[in-house]
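First up is the structure itself, then whatever we jot down about it.
Protein chains: 2
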Amino acid sequence: MKLTILGCYSGTPHGNKNSTAQVLEIKSHTFLIDCGEGTQLQLRKNKVKFSRIKHIFISHLHGDHFYGLIGLISTFRLLGREADLTIYGPKGIKEIIVLQLKLSKSWTNYNLIFKELNSKSSELIFEDDNVIVDTIPLDHRIYTNGFMFTEINKERRLNMNAVLNAHVHVSYYQRLKNGDDVINEKGQMIKNSDLTFKPAKPKRYAFCSDTAFKPLVKDQIKKVTLLYHEATFLDEHQNLCERTKHSTAKQAAEIAKLAEVGTLLLGHFSARYSDINLFKKEAQTVFENVILANDGKIIEFKNL
Amino acid sequence: MKLTILGCYSGTPHGNKNSTAQVLEIKSHTFLIDCGEGTQLQLRKNKVKFSRIKHIFISHLHGDHFYGLIGLISTFRLLGREADLTIYGPKGIKEIIVLQLKLSKSWTNYNLIFKELNSKSSELIFEDDNVIVDTIPLDHRIYTNGFMFTEINKERRLNMNAVLNAHVHVSYYQRLKNGDDVINEKGQMIKNSDLTFKPAKPKRYAFCSDTAFKPLVKDQIKKVTLLYHEATFLDEHQNLCERTKHSTAKQAAEIAKLAEVGTLLLGHFSARYSDINLFKKEAQTVFENVILANDGKIIEFKNL
Chain E
3 MKLTILGCYS
13 GTPHGNKNST
23 AQVLEIKSHT
33 FLIDCGEGTQ
43 LQLRKNKVKF
53 SRIKHIFISH
63 LHGDHFYGLI
73 GLISTFRLLG
83 READLTIYGP
93 KGIKEIIVLQ
103 LKLSKSWTNY
113 NLIFKELNSK
123 SSELIFEDDN
133 VIVDTIPLDH
143 RIYTNGFMFT
153 EINKERRLNM
163 NAVLNAHVHV
173 SYYQRLKNGD
183 DVINEKGQMI
193 KNSDLTFKPA
203 KPKRYAFCSD
213 TAFKPLVKDQ
223 IKKVTLLYHE
233 ATFLDEHQNL
243 CERTKHSTAK
253 QAAEIAKLAE
263 VGTLLLGHFS
273 ARYSDINLFK
283 KEAQTVFENV
293 ILANDGKIIE
303 FKNL
Chain W
3 MKLTILGCYS
13 GTPHGNKNST
23 AQVLEIKSHT
33 FLIDCGEGTQ
43 LQLRKNKVKF
53 SRIKHIFISH
63 LHGDHFYGLI
73 GLISTFRLLG
83 READLTIYGP
93 KGIKEIIVLQ
103 LKLSKSWTNY
113 NLIFKELNSK
123 SSELIFEDDN
133 VIVDTIPLDH
143 RIYTNGFMFT
153 EINKERRLNM
163 NAVLNAHVHV
173 SYYQRLKNGD
183 DVINEKGQMI
193 KNSDLTFKPA
203 KPKRYAFCSD
213 TAFKPLVKDQ
223 IKKVTLLYHE
233 ATFLDEHQNL
243 CERTKHSTAK
253 QAAEIAKLAE
263 VGTLLLGHFS
273 ARYSDINLFK
283 KEAQTVFENV
293 ILANDGKIIE
303 FKNL
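Residue numbers (our numbering), protein chains in the order written: chain E, 3 to 306; chain W, 3 to 306.
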């Protein structure tokens, strides 16, 4: 499980400060989360294979989170894409994209599927054998969702020492992982629990951008491996936070503390601050385990 | 009069190859012509003052010519713009922009004026004392206009030797420029034609992108100072040109020759060619005075 930050700045993109976009590799999926203007260039720069992206999650319809989507959809078409693309985002996103495709007479040659969201409660929006994705309703100026990505680890882990000692043939390993009891090479029935450990604890990633301070969110993101929480401003600008419905670094840390998360990742920094280390410093007055997003940064979940 | 190329590549932007956008400084105006994704970043990189842009001309609704427009409009808002912004473009452009502003609840705090185009004949779309802009109907897969920018030079130029010899007081110079006869310091009436030259020949810039080979265009662009004509492909790919309604470098040169233009500027190059000098070489088999667009290139009309 790996997260690549393509852009982590709020508002207008400039210089090397890109608008929000992230790539989450989880099991066999490559999920794109938000898609600010220029995301396709950031994907290339970070060597993400375009063809691997089959699901795009858009938190809300402010430009710095989705103005790059229509360009990416068009580029997929120019590259001859055939695989389905599913877009999860607020109601209205389909109308925006389809209108532009219609006026440019540039219908995609692949299936473009929209899952429009308008619920104010958390919803399960994606599920397969390996991953589930739920929305995290947030509190912003317009309808906004965060997203919770959860691994499903059904397979038990082999206790290799015990397996070898019990003389179980390699062809039975998958059945052991599935939780079955097996017969060893001497014809003895061996109990599964003697040869395996519980499945690995599933890792979870919570993406929360953009939002005002919303302590209620803590129940849904309890003990996630990694919480990305927006921190647009520092505490000194709390008045701006209230007006714009964003969070300070300190408030993000308070959410991390309430939810007892593993690691807090801060981003969506306002361009007014020249030193983003101030965000870390402020957050750490409340919650110790803080890292800062940065365009191009890669976070391996096995290291968390 | 000065032209800055912000982007001159066709299709999907990548690396340092930007989608079509140009800035034309003409008299006191700073006109933006087309606005592919990332144009706002190119404007910053080329140090164009955002506040000077009051008119944006969009040739057609293919993404590589306008996907950067909504982002620029939003950034103007974030920067606190108050001046009117007028957008000239195909019918439908207003719906695209307004829908996105509506869904993001981000109305501009400045007047956003749309002049939607749907005529198949050339139209005068902008006029003041110094400049006129006409559309140049082109032949592409969707409704497309080029634009003709013409300086208006009404003022006669002073023949300074004659003016000094005739003892005309400096306070009469403007009246001389206006074409009036004047009385000199000795009380003698002096004919304007003895003291002035004709107004400078107005410079004209024709922007033609995207279009199939359309010889009919020659009448409208006859003898322009500078013709930007798209050259998406080389002659070896004429089959692609026909299918996609683009032009080869050779065809662009044929238009330049037919129209007897001063200089031909080629752009909108397909990314399939690694050496764009081939475009110049091919065009020069037909028309000698060819220059190549390049992102960041500046063309001063006084040097043409």
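Beta carbons: idealized from backbone N, C-alpha and C, even for Gly.
Check the Cβ of residue i against every Cβ in chain E and list those closer than 8 Å, keeping chain order.
i     : result
W/N99 : The sequence as given places Ile at residue 99 of chain W; Asn does not occur at that position. Within chain E, no residue comes near W/I99; the closest Cβ sits about 10 Å away, beyond 8 Å.
W/G1  : The structure shown does not extend to residue 1 of chain W, since chain W spans only 3 to 306, so no value can be given for it.
W/R46 : H16, G17
Hey, does residue i have any beta-carbon neighbour from chain E nearer than 8 Å?
i     : result
W/Y69 : yes
Is the CB of residue i under 8 Å away from at least one CB in chain W?
i      : result
E/P15  : yes
E/G264 : no
E/G148 : no
E/E118 : no
E/E244 : no
E/L80  : yes
Could you work out which residues of chain W lie near residue i, taking near to mean beta carbons separated by less than 7 Å?
i      : result
E/I144 : S106, K107
E/G94  : L105
With C-beta atoms as the reference, is residue i less than 8 Å away from residue j?
i      : j      : result
W/T22  : W/V50  : no
W/V105 : E/G94  : Residue identity differs from the one stated: residue 105 of chain W is Leu in this sequence, not Val. A contact, by the Cβ cut-off of 8 Å.
E/Q307 : E/T14  : In the structure as shown, chain E begins at 3 and stops at 306. Residue 307 of chain E is therefore absent and cannot be evaluated.
W/L229 : W/A258 : yes
E/L87  : E/L114 : yes
E/L126 : E/I134 : yes
E/A233 : E/T250 : yes
W/Q24  : W/D36  : yes
E/T213 : E/G264 : no
E/A168 : E/N180 : no
W/F271 : W/Y11  : yes
W/M3   : W/F209 : no
E/M150 : E/R206 : yes
E/L74  : E/P92  : no
E/A285 : E/L267 : no
W/S123 : W/Q222 : no
E/E97  : W/L101 : yes
E/R143 : W/K107 : yes
E/D136 : E/K216 : no
W/S30  : W/N111 : no
W/A85  : W/K56  : yes
E/L166 : E/L178 : no
W/I60  : W/F52  : no
W/D277 : W/N20  : no
W/S211 : W/G269 : yes
E/F199 : E/N161 : yes
Counting only Cβ pairs nearer than 8 Å, list the residues of chain W close to residue i.
i     : result
E/G40 : E39, G40, L43
Mind listing the chain E neighbours of residue i? Cutoff is C-beta to C-beta under 7 Å, in chain order.
i      : result
W/L114 : Within 7 Å Cβ-Cβ: nothing; W/L114 doesn't reach chain E, min ~15 Å.
Any heavy atom of the ligand PLP inside 7 Å of the beta-carbon of residue i?
i     : result
W/V50 : Ligands are entirely absent from the displayed structure, and the ligand PLP is therefore not among its contents.
- Kindly provide the ranges of any beta strand (DSSP E) runs that are 3 or more residues long and lie completely inside the region 204-256 of chain E, ordered along the chain. 206-210, 228-232
- Task: Could you name each continuous alpha helix (DSSP H) segment of 4 residues or more that falls completely within the region 7-51 of chain E, going from the start of the chain to the end?
- Result: 41-47
- Item | Any alpha helix (DSSP H) of 4 or more consecutive residues that is wholly inside the region 58-106 of chain E | 65-68, 71-80, 95-105
- Task: Ignoring anything shorter than 3 residues or poking outside the region 138-217 of chain E, list the beta strand (DSSP E) runs there in chain order.
- Result: 147-153, 206-210
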